[in-house]
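Read the structure below first, then the notes.
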DNA sequence: TTGATATATGTCAAATATGACATATATTTG
DNA sequence: CAAATATATGTCATATTTGACATATATCAA
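Residue numbers (my numbering), protein chains in the order written: chain A, 4 to 105; chain B, 4 to 105.
Okay, structure coming up:
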């Protein structure tokens, strides 16, 4: 894992043991975090492809702009459930959503 | 949606409006719930393919047998995060996991 | 630049998920 | 069959996630 990715994860509030242990992410922890980051990227791409603002999306899912921003930033405080719901709210099919995670 | 699926969802504690509205699931609600159910099934298949008990899996993820049972039952009280983490803890790759959801 | 619009970041009370536990019910094994 | 093992179901105190809000920082057009 390069230092840019490390910084990105730390900045997003991920706490996977101490910073000292950071480079020793177990494979399963790493796979989970990376899938979540892929999901956040997919959500942002999808929203932009629909030419919607974060406020627009927030309204559709009855949430707030700040939470949408956190989803797209891959913040540790948001669940994948909310991200998947958001993508479906943007009209994506399951095939489309899953396809964006491969 | 057939009556068997309706019963299955209700039994799992899903509350998507009243029972009366049940057949009027919005497409995005339906897509989310069905993806989650697919995930619960995938997790169970994966665990069984490794010949592990729910207790075995619970230990690996530092959870409890009852929570594993709920995950596999597609209970509304468990997050997809925990399910994905579980699958990775079972040694599945991202490609494998995502592939089971197509 | 300035103003308008979009996104990011931090905080909090309320809502929801969590592991743990007890215990019920299947399922398997002898 | 009975005992052993596995899974299901319900509850609870604690932990985490939530929408909402304030406010900071971009981004862009006039």
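Think of the CB as a built atom: it goes at the ideal place given N, C-alpha and C, for glycine as much as any other residue.
Since we're looking at a predicted model, the values are computed, not measured.
- Using a C-beta cut-off of 8 Å, the region 93-101 of chain B makes no contact with the region 46-66 of chain A, since fewer than three inter-stretch Cβ pairs fall below that distance.
- Nearest CB-CB separation between residue 97/B and chain A: below the 8 Å threshold.
- Between residue 64/B and residue 29/B, the gap from beta carbon to beta carbon reaches 8 Å or more.
- Following the DSSP letters along the chain, one finds residue 52/A inside the alpha helix (DSSP H) bounded by residues 30-52.
- Taking the Cα of residue 93/B as reference, the smallest distance to any Cα among 34/A, 56/A, 66/A is reached at 34/A.
- In this structure, the alpha-carbon of residue 31/B lies about 19 Å from that of residue 58/A.
- Residues of the region 77-93 of chain A that bring their beta carbon within less than 7 Å of a beta carbon in chain B comprise 82, 83, 84, 87, 88, 91, 92, in sequence order.
- Short of 6 Å from the beta carbon of residue 68/B, and not among the five residues preceding or following it, lie these beta carbons of its own chain, in chain order: 57, 58, 61.
- Residue 75/B does not reach chain A, its nearest Cβ partner there being about 17 Å away, counting only Cβ pairs nearer than 8 Å.
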